[in-house]
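Structure first, then comments.
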Amino acid sequence: QVQLQQSGAELAKPGSSVKISCKASGYTFTSYYISWIKQTTGQGLEYIGYINTGSGGTNYNEKFKGKATLTVDKSSSTAFMQLSSLTPDDSAVYYCARGGLDAWGQGASVTVSS
Amino acid sequence: DIQMTQTPSSMPASLGERVTISCRASQGISNYLNWYQQKPDGTIKPLIYYTSNLQSGVPSRFSGSGSGTDYSLTISSLEPEDFAMYYCQQYDSSPWTFGGGTKLELK
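Residue numbers (this note's numbering), protein chains in the order written: chain A, 24 to 137; chain B, 1141 to 1247.
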C-alpha cells in the first residue's frame, strides 16, 4: 500500500534551518510529484509547493519562496523540505502528500523557540 | 489566490444523522475540488476528488457535489468514526488553497 513516512519532530532555534524527510513506498516514486503543506492553528492548511520527483523541478507558492527548498533523492525514494531562517511563525506541522494529494504523510512537527 | 470558505466551522450532530458541509470558492474552480478528513492525531485522509469521486476505500455514505463556486460534502448517516475535521481544497489554480475546516462534533 502507498505510504509516506515522514521524519520526526524538530525543535529548532530562531535563525537556524531544519530538513524534513518524506520516504515513499508502495508505488513508483518517480511517477508522482510530492507536495508539501503547512498546518497551523491560526492559518490552517497552506500549500507550500511541489517537486517533480523525476526531474527535480520545483514549483513554490510565492509565500514560501526563500523559506522552503524542496529536493529529492530518487535512489531512496525520499523527498526533502528544508526550511531556512526559521522564526516562530514557522512553527507548524508539515505534511508531504503524493500527486493530487491522494496520500499523505503523518506530519512532522517543527517548533521554533529559543 | 482563490479563497475557500467552509461553513459551518463547527457542527454538532448525532449518530445516524445526515449532514452536509459547504465550501464556497472566491471564483469558479471548474469542479477541481477535493475533500479531506483529519482525525485528532493529525492523520489526514483523502475522501473525494474532482467534486464527487470517492477515493478508494472511502465508504459510500460519503458523497460530494457542486459546480462553479459552490460545493458540498454529505455524510448520509453518521458513524462514530466520522466525527473529525473536514477540509475542502481547490486545485483549479496555483497556489492550491484549502478551506478553513469544519469540525463535526458529537451532539
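Glycine is no exception: its CB is placed at the ideal position from the N, C-alpha and C atoms.
CB contact check: residue i to chain B, cutoff 8 angstroms
i, result
"residue 129 (chain A)", "yes"
"residue 67 (chain A)", "yes"
"residue 95 (chain A)", "no"
"residue 133 (chain A)", "no"
Min CB distance residue i to chain A below 8 angstroms
i, result
"residue 1238 (chain B)", "yes"
"residue 1183 (chain B)", "yes"
"residue 1211 (chain B)", "no"
"residue 1226 (chain B)", "no"
"residue 1204 (chain B)", "no"
"residue 1241 (chain B)", "yes"
"residue 1081 (chain B)", "There is simply no residue 1081 (chain B) to check, as chain B begins at 1141 and stops at 1247 in what is shown."
Same chain, Cβ closer than 8 angstroms to residue i, neighbours up to 5 away in sequence not counted
i, result
"residue 53 (chain A)", "76, 77, 97"
"residue 1180 (chain B)", "1224"
"residue 1229 (chain B)", "1144, 1173, 1174, 1175, 1176, 1236, 1237, 1238, 1239"
"residue 56 (chain A)", "73, 74, 75, 76, 121, 122"
Beta-carbon contacts of residue i that lie in its chain and below 7 angstroms, excluding the five residues immediately before and after
i, result
"residue 1233 (chain B)", "1142"
"residue 29 (chain A)", "43, 44, 45, 119, 128, 129, 130, 131"
Listed by chain order, chain B residues near residue i by CB distance under 7 angstroms
i, result
"residue 70 (chain A)", "1235, 1236, 1237"
"residue 84 (chain A)", "1235"
CB contact check: residue i to chain C, cutoff 8 angstroms
i, result
"residue 113 (chain A)", "Absent from the structure is chain C; the protein chains it does hold are A and B."
Rounded distance between the beta-carbons of residue j and residue i, thought under 8 angstroms
i, j, result
"residue 1220 (chain B)", "residue 1173 (chain B)", "Actually they are not in contact, since the Cβ atoms of residue 1220 (chain B) and residue 1173 (chain B) sit about 27 angstroms apart, beyond 8 angstroms."
"residue 1242 (chain B)", "residue 1149 (chain B)", "6 angstroms"
"residue 1244 (chain B)", "residue 1210 (chain B)", "That belief does not hold up - the Cβ atoms of residue 1244 (chain B) and residue 1210 (chain B) are roughly 20 angstroms apart, past 8 angstroms."
"residue 70 (chain A)", "residue 60 (chain A)", "6 angstroms"
"residue 1227 (chain B)", "residue 1178 (chain B)", "7 angstroms"
Chain-ordered neighbours of residue i on chain A, where CB pairs are closer than 7 angstroms
i, result
"residue 1174 (chain B)", "124"
"residue 1167 (chain B)", "Result: empty, since nearest Cβ-Cβ is about 17 angstroms, beyond 7 angstroms."
Buried versus exposed, by CB contacts within 10 Å (16 or more), residue i
i, result
"residue 130 (chain A)", "buried"
"residue 36 (chain A)", "exposed"
"residue 47 (chain A)", "buried"
"residue 11 (chain A)", "Shown here, chain A extends from 24 to 137; a query on residue 11 (chain A) therefore has no answer."
"residue 1190 (chain B)", "exposed"
"residue 91 (chain A)", "buried"
"residue 101 (chain A)", "buried"
"residue 1167 (chain B)", "exposed"
Contact set between residue i and chain A, taken where Cβ atoms lie within less than 9 angstroms
i, result
"residue 1186 (chain B)", "120, 123, 124, 125, 126, 127"
Proximal residues of chain A, C-beta to C-beta of residue i below 8 angstroms
i, result
"residue 1177 (chain B)", "Residues of chain A passing the Cβ test: none, with the nearest at roughly 11 angstroms."
Chain B contact residues for residue i, given Cβ-Cβ distances below 8 angstroms
i, result
"residue 116 (chain A)", "1182"
6 angstroms CB neighbourhood of residue i in its chain, flanking five on each side removed
i, result
"residue 107 (chain A)", "40"
"residue 1147 (chain B)", "1162"
"residue 1231 (chain B)", "1172"
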